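Engineer: Heads up: the sequence shown begins at 215 in my numbering, then just goes up one per residue.
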Amino acid sequence: MNVKRKLAASSVWTVTASVFNNVSTMVVFIALARLLTPAQFGIVAFASVFIEFSRILVGAGIPDALIQRPDWDRDVSSTAFWTNIVIGVAIAAILCFVVAPLAGVYYDQTFGYVLAALSALLLIEGASTVHTAKLRREFRHKIIARRSMSSNVIGGVIGVTLAYWGWGVWAMVISRLFASGMSSLLLWRSSGFRPRFHFSFAEYRQFGQFSSHQLGSQLLANGNSQVTALLIGSFLGPAAIAQYRVGSRALNMLVSLVITPLQSASMSAFSRVHENNRQIGPAYLRVTRACALLTCPVFFGMAATAPDIVRLVFGPKWHEGGLIMIALALVVGPATLNYFQGPALSAAGRTGLTFWATLIGFIGNLLVALCTISFGPIAVAAGHTVRAHITTPLSLRFVAKGIGVSPWRAITNIAPPYLCGAIMAIAVTTLRLFVLDDFPPLGRFLLCVTAGGIVYLVALLVFARKFTMANLQELQPLLPRAIGRHVARFTPSPSKR
Numbered sequence: 215m216n217v218k219r220k221l222a223a224s225s226v227w228t229v230t231a232s233v234f235n236n237v238s239t240m241v242v243f244i245a246l247a248r249l250l251t252p253a254q255f256g257i258v259a260f261a262s263v264f265i266e267f268s269r270i271l272v273g274a275g276i277p278d279a280l281i282q283r284p285d286w287d288r289d290v291s292s293t294a295f296w297t298n299i300v301i302g303v304a305i306a307a308i309l310c311f312v313v314a315p316l317a318g319v320y321y322d323q324t325f326g327y328v329l330a331a332l333s334a335l336l337l338i339e340g341a342s343t344v345h346t347a348k349l350r351r352e353f354r355h356k357i358i359a360r361r362s363m364s365s366n367v368i369g370g371v372i373g374v375t376l377a378y379w380g381w382g383v384w385a386m387v388i389s390r391l392f393a394s395g396m397s398s399l400l401l402w403r404s405s406g407f408r409p410r411f412h413f414s415f416a417e418y419r420q421f422g423q424f425s426s427h428q429l430g431s432q433l434l435a436n437g438n439s440q441v442t443a444l445l446i447g448s449f450l451g452p453a454a455i456a457q458y459r460v461g462s463r464a465l466n467m468l469v470s471l472v473i474t475p476l477q478s479a480s481m482s483a484f485s486r487v488h489e490n491n492r493q494i495g496p497a498y499l500r501v502t503r504a505c506a507l508l509t510c511p512v513f514f515g516m517a518a519t520a521p522d523i524v525r526l527v528f529g530p531k532w533h534e535g536g537l538i539m540i541a542l543a544l545v546v547g548p549a550t551l552n553y554f555q556g557p558a559l560s561a562a563g564r565t566g567l568t569f570w571a572t573l574i575g576f577i578g579n580l581l582v583a584l585c586t587i588s589f590g591p592i593a594v595a596a597g598h599t600v601r602a603h604i605t606t607p608l609s610l611r612f613v614a615k616g617i618g619v620s621p622w623r624a625i626t627n628i629a630p631p632y633l634c635g636a637i638m639a640i641a642v643t644t645l646r647l648f649v650l651d652d653f654p655p656l657g658r659f660l661l662c663v664t665a666g667g668i669v670y671l672v673a674l675l676v677f678a679r680k681f682t683m684a685n686l687q688e689l690q691p692l693l694p695r696a697i698g699r700h701v702a703r704f705t706p707s708p709s710k711r
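Following this line, the structure appears as structure tokens:
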């Protein structure tokens, strides 16, 4: 099986897992939102900021370093495993015995207890990091998908049950710990990798330089996504961060459904392409182009219908979260380009460029958040989107240096679906505000989704017909045979062009 088909198969399983996990997690999230208070949600959300940042430190960029290597070496992998374990123990100890007690005294006592309990996640996940890397490297995403789906369902059921019984914030904590532990155990059984009691500094240096650059980039990328939540939680309190989490929750689910699966599988695919002919640039353009066809209508549609979505799902008390969702969804263009920037540069061995590109985004987000925090979470979300559009052309210069794709080429590569998605968003917003304003929220939402889909398809055929046909023809071999035959009827063969 060639790299393209391996990528397609891996993406199918990763997308399947993402769809299932995000839908099941969203169901759990909604149930918990109706059983718990916004303050309880905010406490766990704020603690998760510290945990997510620490998880990057535990991984230390090692998984991508192992995936990028031409061959799998058990001794090198064992060295990587024990590196993850030592880092995990150290960081968990700091969070549990230093940060949590201080937070309990100066911020909130319950928050301190929650942070200490969640620090166990670092030990659990650190013990399976290398196992996951091995499965990803071998395109065995099917195994990862099945394990994550089963653990998330069981963990979610436990969380909702405990919340119903009145466990409060601890329902969410126990749910996360159980799901992570179950997933790690299943990955150990499935990967076939058993670490030796072996560590070598020479072997660590083989992947240390790569992983150190990757670690810096991942820390900054996490900082980009978490700095707003950190400042909101610190200055505006748990209730405000709860509103921000509700506003970003559905958007993050869409990122997990649409972008993250391709991002995960593209790292392996870019690495194999680099080994064969070093032509990562064309592969990067194909992936971002195909992704934009889906992300642009989905994100712009989310922005156009966000108030109805939040009202229907979470209730009118989360109205502020709907406005936050509008602001964040408009980041679709920069997000589509930047999410694949890291995998492409890492596969090319240019992790240093990834670090500097991510640093620009982090500094921009930090400055914007500091300037807008006093105006509330809505202003912070809007500032984040504006910053992304301003700094993306600059970060794409690193892509040009690393894989030979100019900023203009990268931007124009996704311009047709972006502009058609924007047309759709304007049409749907106009319809919702001036035609369907008196309709019930559910009916208005369904009509807007239907109208948006029609407008987007018509816009593609009218303004980007050549672009659409070319992409359909490229995707045709990867589609199921029945669908591929129908696509072939509308796409000319190369000999007829």
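Backbone N, C-alpha and C fix where the C-beta goes; we use that ideal spot for every residue, glycine too. Bear in mind the structure is a predicted one, so any value in this text is a computation, not a measurement.
1) Can you give the beta carbon distance from L400 to R350, rounded, assuming they're within the 8 Å contact cut?
2) Would you check if the stretch 588 to 606 and the stretch 529 to 543 touch, i.e. whether three or more CB-CB distances between them fall below 8 Å?
3) If you follow the alpha helix (DSSP H) that F554 is part of, which residue opens it and which one closes it?
4) R410: which of V344, A393, M467 and I446 sits nearest, CA to CA?
5) Would H598 be called buried (16 or more neighbouring beta carbons within 10 Å of its own) or exposed?
6) For the alpha helix (DSSP H) containing T324, name the first residue and the last one.
7) Express the C-alpha separation of G618 and A541 in angstroms, rounding to a whole number.
8) Could you say which of Y321, S291, G273 and H603 lies nearest to N298 if we only look at CA atoms?
9) Closest to L674 by C-alpha separation, out of R408, Q493, A304 and P511, would be which residue?
10) How many whole angstroms separate the CB atoms of A456 and G256, which I take to be in contact at a CB cut-off of 8 Å?
11) In terms of residues, what are the limits of the alpha helix (DSSP H) holding T626?
12) Just verifying my parser: in three-state terms, what is the DSSP assignment at F677?
13) Near L544, which residues of its chain fall below 7 Å by C-beta distance, leaving aside the five closest residues on each side in sequence?
14) If you compare alpha carbons, which of S238, V383, S448 and A665 is closest to T251?
15) How many Å lie between L391 and S398 at the Cα?
16) Our contact map puts T572 next to T509 with C-beta atoms below 8 Å; I'd like the distance itself, whole angstroms only.
17) Helix or strand or just coil, what does DSSP make of I494?
18) Determine the contact status of L332 and I270, defining contact as a CB-CB distance below 7 Å.
19) Determine the DSSP secondary structure at P409, reduced to helix, strand or coil.
20) If you compare alpha carbons, which of L661, T502, W622 and F677 is closest to D522?
21) For I577, tell me which candidate among N436, F449 and R658 has the shortest Cα-Cα distance.
22) Tell me the residue span of the alpha helix (DSSP H) that contains F267.
23) Look up F311 in the DSSP assignment and say whether it is helix, strand or coil.
24) Counting along the chain, where does the alpha helix (DSSP H) carrying S588 start and finish?
25) With a CB to CB cut of under 6 Å and the five nearest residues on each side skipped, what residues in its chain are close to T519?
26) Less than 8 Å between C-beta atoms, sequence neighbours within five positions excluded: which residues of the same chain meet that for G302?
27) Check whether the Cβ atoms of V372 and S389 lie closer than 7 Å to each other.
28) How many angstroms separate the CA atom of T626 from the CA atom of I668?
29) Would A443 and V263 qualify as a contact pair, given that the criterion is a beta-carbon distance under 7 Å?
30) For A483, which of R463, I446 and A558 has the nearest alpha-carbon?
31) Beta-carbon separation of V546 and F513 under 7 Å?
32) On the DSSP letters alone, give me the boundaries of the alpha helix (DSSP H) that I473 sits inside.
33) Which whole-angstrom value describes the C-beta separation of V527 and I244, a residue pair presumed to lie in contact below a C-beta threshold of 8 Å?
34) Taking the alpha helix (DSSP H) that G451 falls in, what are its first and last residues?
35) Rounded to a whole number of angstroms, what is the C-alpha to C-alpha distance between H700 and S291?
Structural biologist: With the given structure in hand:
1) Your numbering for residue 400 matches position 186 in the sequence shown. Your numbering for residue 350 matches position 136 in the sequence shown. Contact between L400 and R350 is absent: CB atoms are separated by about 15 Å, not below the 8 Å threshold.
2) For the pair of segments examined, the stretch 529 to 543 was found to touch the stretch 588 to 606: the number of CB pairs separated by less than 8 Å reaches three.
3) Looking up residue 554 in the sequence shown gives position 340. First-last for F554: undefined, no H or E at that position.
4) Translated into positions along the sequence shown, residue 410 becomes position 196. Residue nearest to R410 within the set V344, A393, M467 and I446 is V344 (criterion: CA-CA distance).
5) Translated into positions along the sequence shown, residue 598 becomes position 384. Counting Cβ neighbours within 10 Å, H598 comes out buried, since at least 16 surround it.
6) Here the question's residue 324 lines up with position 110 in the sequence shown. First-last of the alpha helix (DSSP H) with T324: Q323 to L332.
7) As a working note, residue 541 is residue 327 in the sequence shown. As a working note, residue 618 is residue 404 in the sequence shown. Looking at the two C-alpha atoms, the distance is approximately 32 Å.
8) Walking along the sequence shown from the start, residue 298 turns up at place 84. Considering only alpha carbons, the answer is G273.
9) Taking the first residue of the sequence shown as position 1, residue 674 is located at position 460. Nearest of R408, Q493, A304 and P511 to L674, Cα basis: P511.
10) Within the sequence shown, the letter at position 242 stands for residue 456. Within the sequence shown, the letter at position 42 stands for residue 256. With 8 Å as the limit, A456 and G256 qualify as a contact, their Cβ atoms being about 4 Å apart.
11) Reading the sequence shown from its first residue, position 412 is the one you call residue 626. P621 to F648 is the extent of the alpha helix (DSSP H) around T626.
12) Translated into positions along the sequence shown, residue 677 becomes position 463. DSSP places F677 in helix when its eight states are reduced to three.
13) Here the question's residue 544 lines up with position 330 in the sequence shown. Non-local C-beta neighbours of L544 in its own chain, meaning closer than 7 Å and more than five positions away in sequence, comprise A517 and T599, ordered along the chain.
14) By 1-based counting over the sequence shown, the position of residue 251 is 37. Nearest in C-alpha terms to T251, of all of S238, V383, S448 and A665, is V383.
15) Position 177 of the sequence shown, counted from the first residue, corresponds to residue 391. Position 184 of the sequence shown, counted from the first residue, corresponds to residue 398. Rounded to the nearest angstrom, the two C-alpha atoms are 11 Å apart.
16) Within the sequence shown, residue 572 is the residue found at index 358, counting from 1. Within the sequence shown, residue 509 is the residue found at index 295, counting from 1. Between the beta-carbon of T572 and that of T509 there is about 20 Å, and that puts the pair past the 8 Å contact cut.
17) The residue labelled residue 494 in the question sits at position 280 within the sequence shown. The answer is helix: DSSP assigns I494 an H, G or I state.
18) Residue mapping note: residue 332 aligns to position 118 of the sequence shown, counting from 1. Residue mapping note: residue 270 aligns to position 56 of the sequence shown, counting from 1. The answer is no: Cβ separation not under 7 Å.
19) Taking the sequence shown and counting its residues from 1, the one referred to as residue 409 is at position 195. In this structure, DSSP gives P409 a state outside helix and strand, which the three-state scheme calls coil.
20) As a working mapping, residue 522 is identified with position 308 in the sequence shown. For D522, the nearest C-alpha among the options comes from L661.
21) Here residue 577 is taken as the residue at index 363 of the sequence shown, counted from 1. The residue among N436, F449 and R658 with its C-alpha nearest the C-alpha of I577 is N436.
22) Position 53 of the sequence shown holds residue 267. Where F267 is concerned, the enclosing alpha helix (DSSP H) stretches over P252 to G273.
23) As a working note, residue 311 is residue 97 in the sequence shown. In the three-state reduction of the DSSP assignment, F311 falls in the helix class, which pools H, G and I.
24) As a position in the sequence shown, residue 588 is number 374, starting the count at 1. Segment: none, S588 is in no alpha helix (DSSP H) and carries neither H nor E.
25) For the purposes of this step, residue 519 is taken as the residue at position 305 of the sequence shown. The residues are F659 and C662.
26) The sequence position of residue 302 within the sequence shown is 88, counting from 1. Excluding residues within five positions, the ones whose Cβ falls inside 8 Å are V272, L336, L337, E339, G340 and A341.
27) The count along the sequence shown starts at 1 and reaches residue 372 at position 158. The count along the sequence shown starts at 1 and reaches residue 389 at position 175. It should be pointed out that residue 372 corresponds to Ile in this sequence rather than to Val. Yes.
28) Walking along the sequence shown from the start, residue 626 turns up at place 412. Walking along the sequence shown from the start, residue 668 turns up at place 454. Take the alpha-carbon of T626 and the one of I668: they are about 24 Å apart.
29) Stepping through the sequence shown from its first residue, residue 443 is reached at position 229. Stepping through the sequence shown from its first residue, residue 263 is reached at position 49. The answer is yes: Cβ separation under 7 Å.
30) Numbered from its first residue, the sequence shown carries residue 483 at position 269. Minimum Cα distance to A483 is reached at A558.
31) Looking up residue 546 in the sequence shown gives position 332. Looking up residue 513 in the sequence shown gives position 299. Cβ atoms of V546 and F513: closer than 7 Å.
32) One-based indexing of the sequence shown puts residue 473 at position 259. It is not in any alpha helix (DSSP H) - I473 carries neither H nor E in the DSSP assignment.
33) Residue 527 sits at position 313 when you count from the first residue of the sequence shown. Residue 244 sits at position 30 when you count from the first residue of the sequence shown. Indeed, because the Cβ distance is near 6 Å, the residues count as touching under 8 Å.
34) As a working mapping, residue 451 is identified with position 237 in the sequence shown. If you look at G451, you'll find it isn't in any alpha helix (DSSP H); DSSP assigns it neither H nor E.
35) As a first step, residue 700 is located in the sequence shown; it is residue number 486 there, counting from the start. As a first step, residue 291 is located in the sequence shown; it is residue number 77 there, counting from the start. Note that H700 scores a pLDDT of 48, beneath 50, so its modelled location is shaky and nothing firm can be said.
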